[in-house]
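Take a look at the structure below.
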Amino acid sequence: MHRVIHFEISANDPEKVVAFYKKVFGWKIEKWAGPMEYWMVTTGDSGPGINGGFFKPVEPFNGTVNTIEVTNLDEMLEKVKNNGGQVAMEKMAIPGVGYQAYCKDVEGVLFGVHQADPNAGM
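Per my numbering, residue -2 is the first one in the sequence shown, and the count goes up by one each step.
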């Protein structure tokens, strides 16, 4: 069974949003050193719960995206398409982490799919 492993919250004004979540929930939030505007969020050290991130959208978007872990991203993208969904952002490598893509379900709800691979993009 595939599980939700990560959340992402859009942040049109990242500094304002980061400050809000730090003050309200006490989350640890650090700017990612990667090639896009992204902040890594640690919500806690114990379970249940997952960690996530904030992203600055390139197009207006207010919402949350849940990412689901898969063992074979290419196969999962085909399953999405074959069952009425669509690929919103094609597979991309996150160096040292894995491969990520974004899809929309049959009602247009955006979600991420992730295949872990420490050799991705190396």
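Each residue gets a CB set at the ideal place from its N, CA and C atoms; glycine is no exception.
Three-state class that DSSP yields for residue i in the structure shown
i, result
"A16", "helix"
"N63", "strand"
"V94", "coil"
"V106", "coil"
"K101", "strand"
"E56", "coil"
Limits of the beta strand (DSSP E) - the one that residue i falls within
i, result
"M37", "Y35 to T39"
"V1", "V1 to S7"
"K28", "K25 to K28"
"F52", "G49 to F52"
Outcome for residue i when other beta-carbon atoms lying within 10 angstroms are tallied against a minimum of 16
i, result
"H111", "buried"
"A98", "buried"
"T61", "exposed"
"G49", "buried"
Contacting residues, own chain, Cβ-Cβ under 8 Å from residue i (five flanking each side not counted)
i, result
"I2", "I47, T64, I65, E66 and H111"
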